[in-house]
Amino acid sequence: MGGHPRPRAGVAFFWPLDYPCGEMEAELAARAIQRLRSGHLFGCRVVYLPQVGSTQDVARQEAVAGAPEGTVVLADEQTAGRGRFGRSWVSPPGRSVHLTLVLRPDAARLRTLGIIAPVAVARAVEALADLRPAIKWPNDVVVNQRKLAGVLIESEAVGNQVAFALLGIGVNVNLEVAAHPEIAGLATSLLSELGREVSRELLLLLLLQELEELYLATPPGAAAYQEWRRRLVTLGREVRVSFGDRVEEGLAEDTDANGDLILRRPDGSRLAVSAGDVTLRT
Ligand code: BTN
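All residue numbers for the sequence shown refer to this note's numbering, where the first residue is 1408 and numbers rise by one.
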């Protein structure tokens, strides 16, 4: 990465507000938040769109057009929000935090994104609410066994160099889960857990702060790995892991420093899985 130049304030910034207010208040809130992030990397530039297909696609266009590292693409609503394995991500207006960060990591830092992102979400949630979020391998943030937040990482290489990475994070903040039968029973939100609404702006600010701290830590990922592992609900459980067209079952015995899951198969052999979808069987 070669050191991060500190961006100057004064770049494009538009902000969604969670409450009805006049233009003057919106302007003041935008300036206040911009000020809080000025001099920082993550949030040095915020592209806000009231409605978008997926923030990943807008962030890709931004990255290709040369957006600086730390650019945040934020949407109030996604009409085609997507998750891992081609699943969709429920993103109705006015309810949640949907963002994609444009990053330009080296290969070592790219490998840490899946570890730092859920840890940063868990820390941000803990700072706002009396909840103890856990992580389902590799990077689902869960509360009471239901999914609160998801992470989607897409990257582009030129030769053997990382050109950019897109770190997409969706956090169900004030989502009324029961209104979405496709996720009811599987997902939760801060509203569901706490019985009250939570400020999306505050959660976003905390999230950007935690993410930046973990991303810039040296050596890459070291500050997050132990915490990620401690929060994993997957370890010690019998699991089924699907990856590609394979399905493996066994004991989720351990993880390695890359975040791979070490599975002990029924025949006693060990298998390292770097990406997949886990179902807990016990
Ligand atoms: C998953 O758990 O499968 C990943 C979900 C990622 C959702 C976020 S919301 C912001 C960004 N834009 C998208 O379309 N997806 C990610």
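Note that beta-carbon positions come from the ideal geometry of N, C-alpha and C, so glycine has one too.
- Secondary-structure assignment with DSSP links Arg-1530 through no beta bridge to anything.
- Take Arg-1677, set aside five residues on each side of it, and the residues of its chain with a beta-carbon closer than 8 Å to its own are Glu-1660, Ile-1669, Leu-1670 and Arg-1671, in chain order.
- Per DSSP, Ser-1599 is one residue of the alpha helix (DSSP H) stretching across 1597-1601.
- Considering only Asp-1464, Leu-1642 and Ala-1679, the residue with the shortest C-alpha distance to Phe-1650 is Ala-1679.
- Going by beta carbons, Thr-1595 and Asn-1579 fall inside the 8 Å limit.
- In the DSSP assignment, Ala-1659 falls within the unbroken beta strand (DSSP E) covering 1653-1662.
- Taking a contact as a CB-CB distance under 8 Å, the pair Leu-1598 and Glu-1589 does not count as one, their CB atoms being some 18 Å apart.
- Residue selection by CB proximity (closer than 6 Å to any heavy atom of the ligand BTN) returns Ser-1461, Thr-1462, Gln-1463, Gln-1485, Gly-1488, Arg-1489, Gly-1490, Arg-1491, Arg-1494, Trp-1496, His-1505, Leu-1506, Thr-1507, Asp-1547, Gly-1557, Val-1558, Leu-1559, Gly-1575, Ile-1576 and Gly-1577 in chain order.
- Judged by beta-carbon spacing, Ile-1522 lies beyond the 8 Å limit of Leu-1639, meaning their Cβ atoms are not closer than that value.
- A contact is defined here as three or more CB-CB pairs under 8 Å, and the segment 1548-1567 fails this definition with respect to the segment 1445-1460.
- Between the segment 1513-1522 and the segment 1487-1501, the count of C-beta pairs closer than 8 Å stays below three; the two stretches do not touch.
- The Cβ-Cβ distance between Glu-1476 and Leu-1448 falls below 8 Å.
- DSSP links Asp-1464 through a beta bridge to no other residue.
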